[in-house]
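2 protein chains.
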Amino acid sequence: MRNRKWLQEGTFLSPGYTEGTVLKAEGKCKDCSRINEVLSRVGDRWSVLIVISLANYGILRFNELKRNLGISQRMLSLTLRELERDGMVNRTYHPTIPPKVEYSLTPLGKSFREPLKGLGQWALNNLPAIDQARQRYDEQEASERQSA
Amino acid sequence: MRNRKWLQEGTFLSPGYTEGTVLKAEGKCKDCSRINEVLSRVGDRWSVLIVISLANYGILRFNELKRNLGISQRMLSLTLRELERDGMVNRTYHPTIPPKVEYSLTPLGKSFREPLKGLGQWALNNLPAIDQARQRYDEQEASERQSA
DNA sequence: CAGTATCCAGTGTGATACTG
DNA sequence: CAGTATCACACTGGATACTG
Numbered sequence: 010m011r012n013r014k015w016l017q018e019g020t021f022l023s024p025g026y027t028e029g030t031v032l033k034a035e036g037k038c039k040d041c042s043r044i045n046e047v048l049s050r051v052g053d054r055w056s057v058l059i060v061i062s063l064a065n066y067g068i069l070r071f072n073e074l075k076r077n078l079g080i081s082q083r084m085l086s087l088t089l090r091e092l093e094r095d096g097m098v099n100r101t102y103h104p105t106i107p108p109k110v111e112y113s114l115t116p117l118g119k120s121f122r123e124p125l126k127g128l129g130q131w132a133l134n135n136l137p138a139i140d141q142a143r144q145r146y147d148e149q150e151a152s153e154r155q156s157a
Numbered sequence: 010m011r012n013r014k015w016l017q018e019g020t021f022l023s024p025g026y027t028e029g030t031v032l033k034a035e036g037k038c039k040d041c042s043r044i045n046e047v048l049s050r051v052g053d054r055w056s057v058l059i060v061i062s063l064a065n066y067g068i069l070r071f072n073e074l075k076r077n078l079g080i081s082q083r084m085l086s087l088t089l090r091e092l093e094r095d096g097m098v099n100r101t102y103h104p105t106i107p108p109k110v111e112y113s114l115t116p117l118g119k120s121f122r123e124p125l126k127g128l129g130q131w132a133l134n135n136l137p138a139i140d141q142a143r144q145r146y147d148e149q150e151a152s153e154r155q156s157a
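Right under this line is the structure:
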């Protein structure tokens, strides 16, 4: 979700993403690009999970986060760098031996929890309804297959 | 973002997802699976875009949505089916010639707009700050490369 | 400890062509 | 019009091994 190359300015479209489609998307749905920017952040489960962890614990070291989330070193490293770049987390490097690096939320990162909470609340309230809907849908489909 | 197979019950882990990692993730971060369920919905840009479009226009036909969003037929078809299955959109088929299918939001789908709004508001307020942070970060990085 | 580099499988998504 | 089927390809993200 993160590297939506085709959304970035000046990026050439790689084969498979035709120019027409992109232009159409931006032309017709002006808010789409902005919405996509939000989604590129909130849609990335590791970003969200890291923000939540840091919000709960305050300060965490690299390997603490890793153990906490069951994330691979690679993704943790990449995601933390992005979050730091976006001004969502602080990175503090202690040049000791062995090295020690601490991560915490910036005010911006903390403010992100609010909209996240709304989403979580909605999910809590409505996931059961969704599960029911799915069950109905799947049963419907099954009976149709039978009669066919 | 949608098919998080490894989150579904009874799904066998495909190669590349070691059992250890998954268990660790679920063991240490109890909320993760729930959070991921939300993300699997909100993290899908097409789902969100479709919900927003339908919220704005009330009722839309297949090709109206297609033109509106610049989405491919394939993705529109797949996403609409998922949304219908989740009880977020109504599908009304008119067996005329040529056929006509109308899509609209269910109450559940409408209720989803609220948390979405919170997110959008946050984005509107903070994307400039993020852009600034990125610029700072990138300039910093550039100057470090120079001195090295 | 805190990363970086490399490799590779799985998944998402667009293009294209076909159907009722 | 409203899809479905098939193909191709970029990107995600885990595993593994190496470094300071």
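These protein sequence lines are chains Y and L, in that order. Using the working numbering, read the first sequence as starting at 10 and increasing by one per residue. Using the working numbering, read the second sequence as starting at 10 and increasing by one per residue. We treat Cβ as the ideally placed atom computed from N, Cα and C, and that holds for glycine.
Worksheet item: First and last residue of the beta strand (DSSP E) that includes ILE68/Y?
Response: The residue you call residue 68/Y lines up with position 59 of the first sequence. Looking at the DSSP string, the run of the beta strand (DSSP E) that includes ILE68/Y is 68-70.
Fill in: Backbone secondary structure at PRO115/Y - three-state DSSP
Indexing the first sequence from 1 puts residue 115/Y at position 106. Here residue 115/Y turns out to be Thr, not Pro, going by the sequence shown. Residue state, collapsed to three classes: coil.
Fill in: Selection from SER152/Y, GLU46/Y, ARG54/Y that minimises the alpha carbon distance to ASP95/Y
Residue 95/Y sits at position 86 when you count from the first residue of the first sequence. Checking every option, the nearest Cα to that of ASP95/Y belongs to GLU46/Y.
Worksheet item: Should TYR102/Y be flagged as near chain L, meaning a C-beta pair shorter than 8 Å?
Response: For the purposes of this step, residue 102/Y is identified with residue 93 of the first sequence, where counting begins at 1. No, because no Cβ of chain L sits closer than 8 Å to the Cβ of TYR102/Y.
Worksheet entry | Under the three-state DSSP convention, the category THR105/Y falls into | Numbered from its first residue, the first sequence carries residue 105/Y at position 96. Correct three-state label for THR105/Y: coil.
Worksheet item: Between VAL3/L and LEU58/L, is the Cβ-Cβ spacing less than 8 Å?
Response: An answer regarding residue 3/L cannot be provided, because it is not within the stretch 10 to 157 covered by chain L.
Fill in: Cβ of TYR66/Y within 8 Å of any chain L Cβ
In the first sequence, counting from the first residue as 1, residue 66/Y sits at position 57. Not one chain L Cβ lies under 8 Å of TYR66/Y.
Discussion item. So for ARG122/L, helix, strand or coil by DSSP?
Written reply: Locating residue 122/L in the second sequence gives position 113, where the first residue counts as 1. Note: ARG122/L maps to helix in three-state DSSP.
Discussion item. Is the beta carbon of GLY127/Y closer than 8 Å to that of PRO124/L?
Written reply: As a working note, residue 124/L is residue 115 in the second sequence. As a working note, residue 127/Y is residue 118 in the first sequence. Cβ atoms of PRO124/L and GLY127/Y: closer than 8 Å.
Fill in: ASP147/L classed as buried or exposed, judged by whether at least 16 other C-beta atoms fall within 10 angstroms
The count along the second sequence starts at 1 and reaches residue 147/L at position 138. It counts as exposed.
Worksheet entry | Sub-8 Å separation of ILE68/Y and SER113/Y beta-carbons | If you number the first sequence from 1, residue 68/Y lands on position 59. If you number the first sequence from 1, residue 113/Y lands on position 104. Cβ distance < 8 Å, so ILE68/Y and SER113/Y count as in contact.
Discussion item. Residues in the same chain with beta-carbon distance under 7 Å from ARG50/L, minus the five sequence neighbours each way, listed in chain order, please.
Written reply: Within the second sequence, residue 50/L is the residue found at index 41, counting from 1. Closer than 7 Å at Cβ, skipping near neighbours: SER56.
Discussion item. So within the region 46-88 of chain Y, which uninterrupted alpha helix (DSSP H) runs reach at least 4 residues, ignoring any that extend past its ends?
Written reply: 54-66, 71-78
Discussion item. 8 Å is my cut-off, CB to CB: does GLU148/L come that close to chain Y?
Written reply: To locate residue 148/L, count along the second sequence from 1; it is residue 139. With 8 Å as the cut-off, GLU148/L does not count as an interface residue toward chain Y.
Worksheet item: How long is the line joining the alpha carbons of ARG145/L and ARG83/L, rounded to whole angstroms?
Response: Here residue 145/L is taken as the residue at index 136 of the second sequence, counted from 1. Here residue 83/L is taken as the residue at index 74 of the second sequence, counted from 1. C-alpha separation (whole angstroms): 40 Å.
Worksheet entry | Rounded straight-line distance, which links the Cα of ASP53/Y to that of LEU74/Y | Position 65 of the first sequence holds residue 74/Y. Position 44 of the first sequence holds residue 53/Y. Distance between the alpha carbons of LEU74/Y and ASP53/Y is about 16 Å.
Worksheet entry | Other residues of its chain near TYR102/L: CB distance less than 6 Å, five sequence neighbours each side excluded | As a first step, residue 102/L must be located in the second sequence, where it is residue number 93. Excluding sequence neighbours, TYR102/L sits near VAL110.
Worksheet item: Between GLN149/Y, PRO108/Y, PRO116/Y, which lies nearest to LEU92/Y when the distance is taken from Cα to Cα?
Response: As a working note, residue 92/Y is residue 83 in the first sequence. Nearest C-alpha to LEU92/Y: PRO116/Y.
Worksheet item: From this set, ALA138/L, ASN72/L, GLN149/L, which residue's C-alpha is nearest PRO107/L's C-alpha?
Response: Counting from one through the second sequence, the residue named residue 107/L turns up at place 98. Selected option, being the one with the closest Cα: ASN72/L.
Item to complete: Please decide whether ALA138/L counts as near chain Y, where near means a Cβ-Cβ distance under 8 Å.
Response: The residue given as residue 138/L occupies position 129 in the second sequence. Yes, ALA138/L counts as interfacial toward chain Y.
Discussion item. Strictly by DSSP, which residues pair up with ARG100/Y?
Written reply: Here the question's residue 100/Y lines up with position 91 in the first sequence. Note: ARG100/Y sits in a beta bridge opposite TYR112/Y.
Worksheet entry | 8 Å Cβ cutoff, VAL98/L in contact with chain Y | On the second sequence, residue 98/L is found 89 positions in, with the first residue counted as 1. Not one chain Y Cβ lies under 8 Å of VAL98/L.
Item to complete: Measure the alpha-carbon distance for ALA132/Y versus GLU153/L and round it to whole angstroms.
Response: Your numbering for residue 132/Y matches position 123 in the first sequence. Your numbering for residue 153/L matches position 144 in the second sequence. Each residue's alpha carbon lies about 44 Å from the other.
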